[in-house]
Amino acid sequence: MTVLRVNTAIVGGGLMGCWTALMLRRRDPGHCVCVIEKGKVGAQASGVNYGNLRIQGRHPGQLPLSLRAASLWERLPDLIGEGCEFDATGHLYAARDDAREIAKVETAARQASEAGLATELLDARALAQRWPWLNGFSMASWSPRDAIANPRLVTPAVARAARAHGALIHEDTAVHGAARTGAVFRIDAAGGLTIEADTLINAAGAWAPEVAGWFGEGAPIVPAGPPQFVTDAVPYFIRPSVQAVDGTVIFRQVRQGHVVVAGYPRSPSDPVANRAPVDARKIVNAMGHLLRAVPALEGATLLRVWSGIEGYLPDMLPVIGPSGTTPRLVHAFGFCGHGFQLAPGVGDVLADLVLEGSSRTPLDRFSIGRFADGSAEVAEHFTREFDRSLQVQAVAHPGAQRTR
Amino acid sequence: MMPAKPRLVRVLDRTAASATITIDGDVVQAFAGESVLVAVLAHTTRLRTHEVDGAPRAGFCLMGACQDCWVWLADGHRIRACTTRVVDGMAVLTGPPAGPADA
Amino acid sequence: MHSTVIVGAGPAGMAAAVVLARAGEHPIIVDEAEQPGGQVWRKPAAPLQPALARILGRAAAAEHEQAHAEFASIAASVDHRPRHLAWNLQGGELFVIEHRRIRPLRYGALLLATGATDRLLPVPGWTLPGVFSLGGAQTLLKDQGALIGRRVVFAGASPLLYLAALQYKAMGATVVAVLDTTALPEKLRATPALAAAAPRVLARGLSYMARLRAGGVAIFHGVTALGIEGQDYAERVRFRCSRGAEHDLAVDAVALGFGLRAETQLLDLAGVPLAFDVDFRQWLPIVDGDGRAAPGLYAAGDGCTIGGAAAAAISGRLAAYAILADRGVAVPATEVAMLRARLARLRAFQRALSRAFAWPAHWLADARDDTVLCRCENVTVGVVRAAVAAPLGPREVNRAKALTRCGMGRCQARFCGLATAELMAHALAAPVATMGRHRSQAPVKPIPLDATLVDEDTP
Ligand SMILES: Cc1cc2nc3c(=O)[nH]c(=O)nc-3n(C[C@H](O)[C@H](O)[C@H](O)COP(=O)(O)OP(=O)(O)OC[C@H]3O[C@@H](n4cnc5c(N)ncnc54)[C@H](O)[C@@H]3O)c2cc1C
Ligand SMILES: Cc1cc2nc3c(=O)[nH]c(=O)nc-3n(C[C@H](O)[C@H](O)[C@H](O)COP(=O)(O)OP(=O)(O)OC[C@H]3O[C@@H](n4cnc5c(N)ncnc54)[C@H](O)[C@@H]3O)c2cc1C
Ligand code: FES
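Residue numbers (our numbering), protein chains in the order written: chain A, 1 to 404; chain B, 1 to 103; chain C, 1 to 459.
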């Protein structure tokens, strides 16, 4: 048996875990930190997501964190020494000719500007002028600061940077259990590895409720993923990332020419069997939605479909912050399909909490306690953008009394 | 520069009706029942250039497995040349047709 | 709901359809090809059919005819759907596409008889126009009555090298040389096993070599350091012969092949486990002796295990009998026993053959860094090696794909997957089976974006 003594142990080597390790080491080179990952770093949601670094359209409570993350993304090469295809392409949040959709976009734009993000509302004529290939939208909010990056590359690059800064990264090492005795966490991991730590961070993605459970806490995670696909390479012409507010289609094009697409509704995925099935009918639907939005892609072909295992929470907000039961246990999970963009911000905020005890970024909306005291609401998204079985799960959670 | 000489060789007498197609605008005689790949490679040396390095490609497996032989039709649709048969009047392109302007 | 759906109208699928039809069933058989026949009994378009005997030789053409005639005899009881690609399998539904129309097919039993295509190994210059797969070179002749070139080198490790070279020669091509990468001693070692399992087939193979030699074709065994050069087209083939001498041949085309690789994507999508086979050095589905893969799911032919045409046809019949037996239909026990015995012999022959024509996986140990490994994404050997050597580098092929794009392209790693695993195994000094295999993802081949879903029963 090997015992490893660290200041902070992080369960989960996704984006959250790796960014946190890097930020801790950058800010306090004396802080001993270890990431424990059951598989490979960034092989789950962090490595298979759509790659949107979207700021606009988020819940207003997330915007300060999102903006903090954005300024870190914009310095990516400084922070990790690699670019990972980060590209500030801008993002269009687009409504069809539908009063509810238009209202939603206008609200998002207003909330963005209140939070300090510059966006521009464009009508159908302006859209046609700037992006003549785009079809079927009556207006949109344009956020030039929003960006994209290559999710396959980011987490391993962050992990390498963290390691170069002195963080320990253990791959292929599942954590089987953890407990706190006195002021020390004892963490049992695969291969007879025991880790002792002052602080424990639960960044275990869709698997995080299991970790929380070891400390008598829970959160109603719904594991799911959106159906996604990629086309063959076509000459590059789609500069922005485009998102229909009704969730039917989200697409972007990479420089090499492939168009990456996320569809809807989200389907159940299985964290135990480690499977994220993709329903062919949803893909065919999304192909139709894509072609209506970009008729010029008519001749392209479908190359590959996939999805991932993401933890969604009924109110579509993550859990970020201290445990309600255990001192120096910090949670960061349940990113509800938005965590790629937030990740560096989350890493920085968790470093605040670990090193300083509090953060200047407001985290009150993200407390795990909201599920215990019943104050969490079920977001409207759950009624439209998820399979019915997932809606049932979300609504059945103990804190669902005040459903909107 | 003269176009390089095609090297793919038809060895059987084509008794079939001929089909007239265009390849990048050149009018070319092909034969009913023939694959687009044969029609193109009996006319020129390449089917397309590679997206990444721009090198010429001419298909490889000739049985629908490697996907190296996708070409374009003038209407923008892509076809797999080795498993698609020529049709009279077909307009084949060895590069993508001009798309929407870059954003 | 259809009782039985068969994917693949090659020898395995055709034979299965015959058994099922004769038992009073009405199977659907889908195949993306225009004509039934699969790889070995491939039938050209009608205008080229009369010439087939000239290409194949009389004996093979007669065999060919017989297989097609048998299949034609059951036409009334079989729903043959040519030009239908089966592109996805999920939850008991097979998704097929025909010209932008996608149909889900529900089935009681599904038989996957998807066959095999060439196994390749990256060599310098193999992406040049004029270089084709060995099977492809022969297919072009059988299917299209065309040659890949006038001055052709046949290179690799496969008995098909000799057959294809003979057929090319008969059709007027200059066969510049046959470059066999397996050494003679290896072949001699496998001879007793080959002779025991199928003496006639062995004799036929040896006669091909003799006829080529008699016709003045140079045959080299134990070839190494193979490379193809040319400006925009294959112009020269360089190699080292077993005596150590360097050779340089002027060509205008190269046929390159190293045996076969099973098409297992649909089985993989169905969740059937695959295991690494040490003789064939590839991942093959775990099925029982009659092809049962899972309840209601069956596999036969080369897509199940590499066996050749005769074995494919027998395994197709066995799978059909298994489908019937699992439905409670009585099957002829003595015939089944006889088929099993013949299949075992033919498969033993194929195993011995795989040793006689071993795939030179060790070439990947010192493959040049600038050799293209993944043709689709143009990823070189060096890029994958560098990724493996980096901190937190990949230790299996799917991770290498995520980090380097190797295997991420249109062919879904059909042509680089096995070689990537061998390359990584060498770089890491680890057993190749631990490098894993590329997980299959729908669609198994690209489909048009403007395809739409139509109801199963809409014509
Ligand atoms: C298909 C898809 C598309 C998405 N698109 C976007 C997008 O465009 N933009 C965006 O911002 N977000 C998007 N997301 C969301 C985003 O990917 C996630 O929010 C983010 O990656 C979450 O990171 P994480 O580190 O919390 O989780 P993960 O990446 O899942 O990492 C958690 C890690 O913990 C490990 N782990 C779990 N339990 C244990 C244990 N007991 N021991 C050791 N290790 C353990 C897991 O193996 C895993 O690697 C998408 C998600 C999916 C699935
Ligand atoms: C070029 C070539 C030449 C060969 N020559 C010989 C020979 O001379 N002698 C010999 O014994 N063996 C030969 N073989 C080996 C040959 O693979 C087998 O002997 C035999 O053809 C296997 O029969 P099968 O029915 O298993 O598969 P195949 O004959 O390969 O047939 C499989 C069929 O399935 C179809 N198919 C596959 N996937 C899908 C899908 N997703 N959707 C729809 N259709 C699909 C294919 O179009 C094909 O028609 C050759 C192989 C090749 C590639
Ligand atoms: S040449 Fe391989 S798919 Fe056409």
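Cβ atoms here follow ideal geometry from the backbone N, Cα and C, with glycine treated the same way.
Under the three-state DSSP convention, the category residue i falls into
i	result
Asp68 (chain B)	coil
His80 (chain C)	strand
Thr326 (chain A)	coil
Pro56 (chain B)	strand
Glu82 (chain A)	coil
Ser71 (chain A)	helix
Phe415 (chain C)	coil
Thr248 (chain A)	coil
Asn398 (chain C)	helix
Phe349 (chain C)	helix
Met1 (chain A)	coil
Val153 (chain C)	strand
Glu65 (chain C)	helix
Leu65 (chain A)	helix
Val272 (chain C)	coil
Thr420 (chain C)	helix
Leu249 (chain C)	strand
Distance between residue j and residue i (C-alpha atoms, nearest Å)
i	j	result
Glu380 (chain A)	Lys38 (chain A)	34 Å
Phe335 (chain A)	Gly14 (chain A)	12 Å
Glu298 (chain A)	Leu105 (chain C)	26 Å
His165 (chain A)	Ala332 (chain A)	22 Å
Pro129 (chain C)	Gln67 (chain B)	14 Å
Gln401 (chain A)	Phe386 (chain A)	In this predicted model, Gln401 (chain A) has a pLDDT of only 44, less than 50, meaning its place in the structure is not dependable; the value taken from the coordinates is given anyway. Near 20 Å, if we compare the C-alpha coordinates of Phe386 (chain A) and Gln401 (chain A).
His258 (chain A)	Phe229 (chain A)	10 Å
Ala212 (chain A)	Trp19 (chain A)	20 Å
Phe95 (chain C)	Arg399 (chain C)	28 Å
Ile368 (chain A)	Lys282 (chain A)	33 Å
Thr420 (chain C)	Gly244 (chain C)	27 Å
Thr119 (chain A)	Phe86 (chain A)	20 Å
Gln391 (chain A)	Phe382 (chain A)	6 Å
Leu363 (chain A)	Gly108 (chain C)	54 Å
Leu161 (chain C)	Ala280 (chain A)	40 Å
Asn7 (chain A)	Val35 (chain A)	11 Å
Ala116 (chain C)	Thr89 (chain A)	43 Å
Within chain A, partners of residue i - CB distance below 7 Å
i	result
His43 (chain B)	Result: empty, since nearest Cβ-Cβ is about 22 Å, beyond 7 Å.
Gly99 (chain B)	Val234, Pro235, Phe237 and Ala296
Leu453 (chain C)	Arg281 and Val284
Residue(s) in a DSSP beta bridge with residue i
i	result
Pro122 (chain C)	Bridge partners of Pro122 (chain C): none, in fact.
Ile102 (chain C)	C:Ile97 and C:Leu453
Ala136 (chain B)	No answer is possible for residue 136 (chain B): it lies beyond the span of chain B, which begins at 1 and ends at 103.
Gln39 (chain C)	Bridge partners of Gln39 (chain C): none, in fact.
Leu297 (chain C)	C:Leu110 and C:Ala294
Met139 (chain A)	A:Ala95 and A:Asp123
Thr380 (chain C)	C:Val372
Proximity test, residue i beta-carbon vs ligand 5 heavy atom, cut-off 7 Å
i	result
Val30 (chain C)	Absent from the structure shown: ligand 5. Ligands present: ligand 1, ligand 2 and ligand 3.
Contacts of residue i in chain C (Cβ-Cβ under 7 Å)
i	result
Thr303 (chain A)	This sequence places Leu at residue 303 (chain A); Thr is not what is there. Simply Arg410 and Pro446.
Val92 (chain B)	Ordered by position in chain C, no residue passes the 7 Å Cβ test against Val92 (chain B), which lies about 16 Å from the chain.
Lys282 (chain A)	Those within 7 Å of Lys282 (chain A) in chain C number zero; the least Cβ separation is about 11 Å.
Partners in chain B for residue i, counting only beta-carbon separations shorter than 9 Å
i	result
Gln256 (chain A)	Glu51 and Val52
Pro29 (chain A)	In chain order: nothing, as chain B lies at least about 40 Å away.
Asn378 (chain C)	His50, Glu51, Val52, Asp53 and Ala55
Interface residues of chain B facing residue i [CB-CB closer than 8 Å]
i	result
Trp214 (chain A)	Result: empty, since nearest Cβ-Cβ is about 48 Å, beyond 8 Å.
Interface partners of residue i on chain B, CB under 7 Å
i	result
Trp142 (chain A)	Near Trp142 (chain A) there are no residues of chain B at all, since even the closest Cβ is about 12 Å away, more than 7 Å.
Leu48 (chain C)	Leu12 and Gly33
Within chain C, partners of residue i - CB distance below 8 Å
i	result
Arg46 (chain B)	Pro129 and Asp232
Contacts of residue i in chain A (Cβ-Cβ under 9 Å)
i	result
Asp75 (chain B)	Glu298 and Gly299
Contacts of residue i in chain C (Cβ-Cβ under 9 Å)
i	result
Ile169 (chain A)	Pro391 and Leu392
Check: Can you pull every residue whose C-beta falls closer than 7 Å to some heavy atom of ligand 3, listed in chain order?
Finding: Per the Cβ criterion, the list is B:Leu37, B:Gly59, B:Phe60, B:Cys61, B:Leu62, B:Met63, B:Gly64, B:Ala65, B:Cys66, B:Gln67, B:Asp68, B:Cys69, B:Arg80, B:Ala81, B:Cys82, B:Thr83 and C:Gly136.
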